[in-house]
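Here the protein sequences come in this chain order: A and B. Here our numbering = 1-based position in the first sequence + 69. Here our numbering = 1-based position in the second sequence + 69. Just so it is clear, CB atoms sit at the ideal spot from N, CA and C, and this is done for glycine as well. Treat the numbers as computed from the prediction; the structure is a model and nothing was measured. Inspection log for the structure reproduced underneath, given as structure tokens.
Protein chains: 2
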Amino acid sequence: MRLSLNQRTTRRWSVAEAVDGCVRHGLEAVGLWREEVAEQGLAESVKLVREAGLRVSSLCRGGFLTAGGLPGDAGRRAFARALEDNRRAIDEAAELSAACLVMVVGGLPGVRPGEPLPAASAREPAAGGFSRDLAGARERVAEALAELAPYAGERGVKLALEPLHPIYCPDRAVLSTLGQALDLSLPYPEEQVGVVVDTFHVWWDPRLFEDIARAGRRIASYQVCDYLHPLPADVLLGRGMMGDGVIDFRPITRAVQAAGYTGDIEVEIFNAEIWAADPDEVVATVKARYEDVVLATG
Amino acid sequence: MRLSLNQRTTRRWSVAEAVDGCVRHGLEAVGLWREEVAEQGLAESVKLVREAGLRVSSLCRGGFLTAGGLPGDAGRRAFARALEDNRRAIDEAAELSAACLVMVVGGLPGVRPGEPLPAASAREPAAGGFSRDLAGARERVAEALAELAPYAGERGVKLALEPLHPIYCPDRAVLSTLGQALDLSLPYPEEQVGVVVDTFHVWWDPRLFEDIARAGRRIASYQVCDYLHPLPADVLLGRGMMGDGVIDFRPITRAVQAAGYTGDIEVEIFNAEIWAADPDEVVATVKARYEDVVLATG
Chain A
70 MRLSLNQRTT RRWSVAEAVD GCVRHGLEAV GLWREEVAEQ GLAESVKLVR
120 EAGLRVSSLC RGGFLTAGGL PGDAGRRAFA RALEDNRRAI DEAAELSAAC
170 LVMVVGGLPG VRPGEPLPAA SAREPAAGGF SRDLAGARER VAEALAELAP
220 YAGERGVKLA LEPLHPIYCP DRAVLSTLGQ ALDLSLPYPE EQVGVVVDTF
270 HVWWDPRLFE DIARAGRRIA SYQVCDYLHP LPADVLLGRG MMGDGVIDFR
320 PITRAVQAAG YTGDIEVEIF NAEIWAADPD EVVATVKARY EDVVLATG
Chain B
70 MRLSLNQRTT RRWSVAEAVD GCVRHGLEAV GLWREEVAEQ GLAESVKLVR
120 EAGLRVSSLC RGGFLTAGGL PGDAGRRAFA RALEDNRRAI DEAAELSAAC
170 LVMVVGGLPG VRPGEPLPAA SAREPAAGGF SRDLAGARER VAEALAELAP
220 YAGERGVKLA LEPLHPIYCP DRAVLSTLGQ ALDLSLPYPE EQVGVVVDTF
270 HVWWDPRLFE DIARAGRRIA SYQVCDYLHP LPADVLLGRG MMGDGVIDFR
320 PITRAVQAAG YTGDIEVEIF NAEIWAADPD EVVATVKARY EDVVLATG
């Protein structure tokens with residue numbers, strides 16, 4: 070059984086409750102989030118997962134590295150702050166012995182996740198606006214990675230670059246395809262920098278199977294959830310229970326396994342209805358759907 | 070002046086009104102839609118654009134070729150109907166001397182544009198459900214193209230394959246990147262099959278500039294509008310006036326020109342506010358923004 074519960078799937082659960090829930094449902098791995106770990110306390114979180122004998126399949130998340138694309142001092146300060154925060158995230162991932170630190174690299178400089186664009190009158194970065202320089206933002210990510218990869222390597226932490234669906238390009242991740250994330254990882258040892266294959270983000274990609282094969286053991290995390298259609302008004306919550314959307318999981322699971330991935334399969338669902346449901350029922354459904362539509366057997 | 074007005078930007082206008090509007094504002098080209106052409110009458114539409122001396126930069130749209138992915142007789146009938154409808158579209162494009170027929174190829178078989186997925190209990194295609202076979206749907210597009218390209222070629226019509234933003238992959242187009250559209254076009258003469266570069270759909274693509282260069286004279290249409298953020302609840306209407314969203318147009322325009330494209334630049338905006346505004350004011354704004362943010366000069 071390689072199923073892992075990402076704790077944001079059962080959002081009401083604290084780290085302690087998620088750990089208990091995994092044990093109760095017979096899961097051997099859990100994906101944690103920094104915010105919840107901080108609420109529980111890092112040392113306490115480490116103790117909880119160790120005593121429960123769980124693997125930490127991922128820590129979410131580092132990243133948001135693109136603010137350095139703002140001009141002048143503001144950009145330099147934002148870049149330094151982002152690096153410092155990511156070093157802390159790496160330290161936390163090391164403490165938790167997480168299989169990887171998931172990196173959501175950030176969107177266009179000055180565009181805040183989930184928020185409207187700055188007003189038309191203030192679109193110049195210098196005036197508190199944002200930058201449309203997508204190519205530049207992507208270069209900032211590469212520069213930040215050059216700073217962070219050795220730091221992660223020294224602490225035995227693998228950075229897992231997560232390409233996000235292009236709908237999140239403006240505000241969350243200028244990494245938009247698996248191939249792009251993979252290319253960014255190649256200058257580094259595979260134990261330092263890998264990639265995330267998250268079905269929601271990559272299911273549509275015509276190069277998906279070719280890039281999964283090319284990624285090979287660079288695949289640091291395999292996350293599953295379905296892609297709902299139509300998406301809800303808040304597109305962040307368009308992630309569905311496997312089987313409720315448009316994704317054909319088995320061929321993707323098969324390709325990830327064929328590429329050499331032997332880690333956990335983590336279920337990460339952001340969804341208002343699922344968050345409102347009884348977490349124990351959610352985990353039971355996750356287990357059933359995992360068997361029915363995700364596993365590549367049969 | 071190579072600016073063309075796609076008539077759906079001024080949605081209230083009939084073909085006659087759009088033609089008058091173009092003349093009144095000094096535009097030399099117009100992009101037409103089959104539905105509006107049918108309302109005006111094909112022969113009358115041909116007469117109107119000829120007498121006004123306008124170029125028809127595109128006819129929208131052919132496509133929706135993937136329903137053949139439904140199983141059995143239903144699939145065969147749907148495929149035959151789609152081919153027949155596309156042959157009529159090609160005939161209309163020939164009558165109008167349109168520079169190309171824009172092809173929106175269709176989504177997953179059984180998923181209707183803008184509509185929710187069939188209920189969970191009826192997800193098998195045979196029961197009026199839908200298919201999750203994305204790779205198969207893409208093969209259906211290639212098969213349909215093999216039928217339609219020669220027919221188009223005999224009538225002097227260029228089919229323009231339009232990759233749509235991945236958000237439309239479930240219901241509107243399984244063509245998701247310019248590279249994918251380009252690869253599909255390569256078996257055919259470039260006067261028979263080309264590709265559309267629509268900024269809204271491709272701005273995020275990390276391979277965009279490489280694929281524009283590779284497309285070269287395969288680029289059959291260059292369409293511009295901005296990508297709004299956040300998208301509205303109806304994502305079809307997330308197209309904005311150039312300058313109102315996140316796209317940096319000039320590098321894209323420059324690349325399209327460097328690739329050898331010498332056709333019209335068509336402005337196609339689906340947007341509830343713009344549709345509610347005075348069409349003459351909309352055209353005036355289009356002209357101003359075209360100069361300010363789209364043209365690659367300066």
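R130/B: not part of any alpha helix (DSSP H); member of the beta strand (DSSP E) spanning R124 to G132, first to last residue. Take the alpha-carbon of A162/B and the one of P219/B: they are about 15 Å apart. Sequence-ordered contacts of the stretch 250-274 of chain A with chain B read W272, W273 and D274 [C-beta pairs closer than 8 Å]. Taking 8 Å as the cut-off between beta carbons, none of the residues of the stretch 209-226 of chain B comes near chain A. Under the 10 Å beta carbon count, L247/A is surrounded by 16 or more other beta carbons and is classified as buried. Counting only runs of 3 or more residues that sit fully inside the stretch 236-270 of chain A, the beta strand (DSSP E) segments are 262-267, in chain order. Within the same chain, no residue comes within 7 Å of D154/A by CB-CB distance, once the 5 residues on both sides are set aside. If you check the CB distance, A136/A and P185/A do not come in under 7 Å. When the beta-carbon positions are compared, V264/B and A242/B stay at least 7 Å from each other.
Near chain A, meaning a CB-to-CB distance below 7 Å, no residue of the stretch 113-135 of chain B qualifies. Residue nearest to G175/B within the set D252/B, S166/B and F148/B is F148/B (criterion: CA-CA distance). Looking at the backbone, the Cα of A151/B and that of T79/B are separated by about 28 Å.
At least one C-beta of chain B is nearer than 7 Å to the C-beta of P235/A. Nearest neighbour of I338/A by Cα position, chosen from D295/A, D349/A, P299/A and G329/A, turns out to be D295/A. Taking 7 Å as the cut-off, the beta carbon of A250/B is found no closer than this to the beta carbon of L228/B.
By a beta-carbon distance limit of 8 Å, I321/A does not contact T366/A. Their separation comes to about 14 Å. In the structure shown, W102/A adopts extended strand secondary structure according to DSSP, grouped into three states. Under the three-state reduction of DSSP output, L233/A falls in the coil class, being neither helix nor strand. Residue pairing from DSSP places M172/B in a beta bridge opposite G131/B and L230/B.
The DSSP-derived three-state label of E153/A is helix.
G309/A is bridged by DSSP to D295/A. Secondary-structure assignment with DSSP links E335/B through a beta bridge to S73/B and Q292/B.
Here the alpha carbons of V351/A and R81/B stand approximately 48 Å from one another.
DSSP places G329/A outside any alpha helix (DSSP H), giving it a letter other than H or E. Going by beta carbons, L117/A and V88/A fall inside the 7 Å limit.
For V352/B, the uninterrupted alpha helix (DSSP H) segment begins and ends at P348 to R358.
In this structure, I343/A sits away from W272/A, with a CB-CB distance that is not shorter than 7 Å.
With respect to the C-alpha of G222/B, the residue from D274/B, L364/B, L96/B and R156/B having the closest C-alpha is R156/B. Judged by DSSP in its simplified three-state form, P219/B adopts helix. Taking the C-beta atoms as reference points, L111/A is found no nearer than 7 Å to L96/A. Beta-carbon to beta-carbon, V262/B and S254/B are separated by about 4 Å, close enough to satisfy the 8 Å threshold. Looking from the CA of A289/A, the closest CA among A353/A, R276/A, V325/A and V304/A belongs to V325/A. Between V336/B and V304/B, the gap from beta carbon to beta carbon reaches 7 Å or more. The three-state secondary structure of A143/B, taken from DSSP, is helix. Contact annotation, L244/B with L233/B: C-beta distance approximately 7 Å; criterion of less than 8 Å satisfied. Not flagged as an interface residue toward chain A: R308/B, since no C-beta distance is shorter than 7 Å.
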